[in-house]
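Per full-length UniProt numbering, the sequence shown starts with residue 1, numbered consecutively. Just so it is clear, CB atoms sit at the ideal spot from N, CA and C, and this is done for glycine as well. Source: prediction; values computed, not measured.
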Amino acid sequence: MQRLVNHSWVLTGVTLVSAGLVAGTPVPPPAGALAFDVQLTAEDITLDFVRHGQSTDDLNGILGTMPPGAHLTDLGEQQAAQVAQDIQQEFPGGIAGIYASELVRTQETMAALAALSGMPAVTVLPDLNEIPAGLFEGHPRDLITEANFFLPMASWILGNLLVSEPGTNYNGVVFEDQVNQAVQTMYDNTIAADGPTTAVASSSGGDIAIWILMNVKNPDIWPILQTVLENGGPPPNAGEAILAGNPTDGWTLVSWDGIAVPATPDLITGLLVDYRNLITAPQIALWHLWEAIQGGDQSDISAALQTGFNDVLAAYEAFPQSVIDTITGAFGGSAGGAADSLADGLLGAI
């Protein structure tokens, strides 16, 4: 079964690479790569996303996404205990909050961390629940099941948010809204506590990988693809993905399963992130308008129209400057004049 899972994730990875999400040969991050010079408008925190330990579904090759779901195996319990020790050592300043989804495997994974001295209790956030498998819920994880489950997610990463999981209305916008709400809750709780600035959350590997690739400023596919090839999933059971940032200014991927990730993306990745942000805004606005129309409340429809218009306009206005920042970030200030000219042309085109 594991080999089939590998094939599906490799297929997803090849789709992303061939579409140009990243380019070039991966290189070790330069000294100081984890420090980034930006003007912040909100306080930063650290988010440590942890994939749950091995579950009985993982062991038996079953695609199960609905709560309460499968329990951890004995190996999964060992993985949870080990990652708990790792997290305690990684963040000696303390943990502000520990979060899990409604699936028991994530709660059992985080219970090991919560049991350590000085750690907070586990808070369950339904918005950390897994992407539903739809028609393939409970199916053996063969190549057909894996492809149908993961290819819509690959579409979301490339900016096609309105693609749905088979047999559901669950698309990339719904996923974004759901996980963004979980992240906002964790951020608000961390800031309000006025103490340690690290929150730890457990969810599925797919949720973690897809949300990161859809949202961070430096979505480097190479570390993720490396863990797929080595472990059959992104990240492996009890693997960590550490981010720094805030919901206002955005998030930077600091490390993936222990692999440091450069804070500044390469030129092609940066430009594609800029383009992704441009093309997703109207899709999000359209879906929220459709939801409001289905609700039938005129005030909600008006609000969705106004918010959608503002968000799309903001995305189009921000695009040229984002291109400038990406080019100058990749090549330094000497490229500023060329970047300005390119941005002027882009602004005129849109």
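* CB-CB under 8 Å to E165, same chain, minus the five flanking residues each way: which ones, in chain order? -> As a working mapping, residue 165 is identified with position 165 in the sequence shown. If we look at E165 and ignore the five residues flanking it on each side, its Cβ neighbours are I131, P132, A133, G134, F149, P152 and N171.
* Coarse secondary structure for residue 351, derived from DSSP in three states -> Residue numbering for the chain in the displayed model covers 1 to 350; residue 351 lies beyond these limits and cannot be assessed.
* Asked: What distance in whole Å lies between the Cβ atoms of V179 and D207, which are believed to be in contact at a cut-off of 8 Å?
  -> Locating residue 207 in the sequence shown gives position 207, where the first residue counts as 1. Locating residue 179 in the sequence shown gives position 179, where the first residue counts as 1. Right, their Cβ atoms sit about 7 Å apart.
* To do: Using three-state DSSP, classify N215 as helix, strand or coil.
  => As a working note, residue 215 is residue 215 in the sequence shown. It is helical.
* Asked: What number of angstroms, rounded off, separates the C-alpha of V22 from the C-alpha of I224?
  -> By 1-based counting over the sequence shown, the position of residue 22 is 22. By 1-based counting over the sequence shown, the position of residue 224 is 224. Unreliable placement is indicated for V22, whose pLDDT of 37 sits below 50; no coordinate value is reported for it.
* Throw me the rounded Cβ distance for the A96 and T198 pair, which I believe falls under 8 Å. => Numbered from its first residue, the sequence shown carries residue 96 at position 96. Numbered from its first residue, the sequence shown carries residue 198 at position 198. That belief holds up - the Cβ atoms of A96 and T198 are roughly 6 Å apart, short of 8 Å.
* Apart from the five residues just before and just after L271, which ones in its own chain have a Cβ nearer than 6 Å to its Cβ? -> In the sequence shown, the residue the question calls residue 271 occupies position 271. T326.
* Express the C-alpha separation of T307 and S299 in angstroms, rounding to a whole number. => Locating residue 299 in the sequence shown gives position 299, where the first residue counts as 1. Locating residue 307 in the sequence shown gives position 307, where the first residue counts as 1. A straight-line Cα-Cα distance of about 12 Å links S299 and T307.
* Asked: Nearest-angstrom Cα distance between V38 and G138?
  -> As a working note, residue 38 is residue 38 in the sequence shown. As a working note, residue 138 is residue 138 in the sequence shown. Note that V38 scores a pLDDT of 46, beneath 50, so its modelled location is shaky and nothing firm can be said.
* Asked: Among residues of its own chain, excluding the 5 on either side of F331, which ones have a beta-carbon nearer than 7 Å to its beta-carbon?
  -> Locating residue 331 in the sequence shown gives position 331, counting from the first residue. Excluding sequence neighbours, F331 sits near nothing in its chain.
* **Any 3 or more C-beta pairs closer than 8 Å across the segment 75-82 and the segment 52-63** => With the cut-off at 8 Å, the segment 75-82 and the segment 52-63 touch.
* Presumed contact (8 Å Cβ cut-off) between G202 and A84, rounded CB distance -> The residue labelled residue 202 in the question sits at position 202 within the sequence shown. The residue labelled residue 84 in the question sits at position 84 within the sequence shown. It is Ser, not Gly, that sits at residue 202 in the sequence shown. Actually they are not in contact, since the Cβ atoms of S202 and A84 sit about 11 Å apart, beyond 8 Å.
* Under three-state DSSP, which class holds N169? -> What you label residue 169 is simply residue 169 of the sequence shown in a count that begins at 1. Of the three classes helix, strand and coil, the one that applies to N169 here is coil, per DSSP.
* Asked: For V323 versus A281, is the C-beta spacing smaller than 8 Å?
  -> Along the sequence shown, one-based indexing puts residue 323 at 323. Along the sequence shown, one-based indexing puts residue 281 at 281. No Cβ-Cβ contact shorter than 8 Å links V323 with A281.
* Give me the Cβ distance between G250 and K217, rounded to the nearest whole Å; I'm assuming they're in contact under 8 Å. => Translated into the one-based positions of the sequence shown, residue 250 becomes position 250. Translated into the one-based positions of the sequence shown, residue 217 becomes position 217. Contact annotation, G250 with K217: C-beta distance approximately 5 Å; criterion of less than 8 Å satisfied.
* Beta-carbon proximity list for L116, same chain, < 7 Å, skipping 5 on both sides -> As a working note, residue 116 is residue 116 in the sequence shown. For L116, the CB contacts under 7 Å within the same chain, skipping 5 residues up- and downstream, are A84 and Q88 in chain order.
* To do: Could you tell me which of T190, A285, D188 and S255 sits nearest to L213, measuring between CA atoms?
  => Position 213 of the sequence shown holds residue 213. Out of T190, A285, D188 and S255, S255 has the C-alpha closest to the C-alpha of L213.
* Asked: Quick one: is N129 buried, meaning 16 or more other Cβ sit within 10 Å of its Cβ, or exposed?
  -> The residue you call residue 129 lines up with position 129 of the sequence shown. It counts as buried.
* Asked: Who are the Cβ neighbours of F49 in its own chain at under 6 Å, not counting the five residues just before and after it?
  -> Residue mapping note: residue 49 aligns to position 49 of the sequence shown, counting from 1. The answer, listed in chain order, is A201, I208 and A241.
* Asked: From which residue to which residue does the alpha helix (DSSP H) around T56 run?
  -> In the sequence shown, counting from the first residue as 1, residue 56 sits at position 56. Annotation for T56: the continuous alpha helix (DSSP H) segment containing it runs T56 to N60.
* Candidates H71, A147, I284 and T252: closest to A315 by CA position -> Taking the first residue of the sequence shown as position 1, residue 315 is located at position 315. Residue I284 holds the alpha-carbon nearest to the alpha-carbon of A315 among H71, A147, I284 and T252.
* Asked: Which residue from G64, D44 and L72 puts its Cα closest to that of Q54?
  -> Numbered from 1 along the sequence shown, position 54 holds the residue referred to as residue 54. Distance from the Cα of Q54 is smallest, within the candidate group G64, D44 and L72, for L72.
* Asked: From this set, P126, I210, A114 and G205, which residue's C-alpha is nearest S155's C-alpha?
  -> Your numbering for residue 155 matches position 155 in the sequence shown. Nearest of P126, I210, A114 and G205 to S155, Cα basis: I210.
* Which listed residue (T252, G118 and F175) has its alpha carbon closest to that of D127 -> On the sequence shown, position 127 is the one that residue 127 refers to. When the alpha-carbon of D127 is set against those of T252, G118 and F175, the nearest one is in F175.
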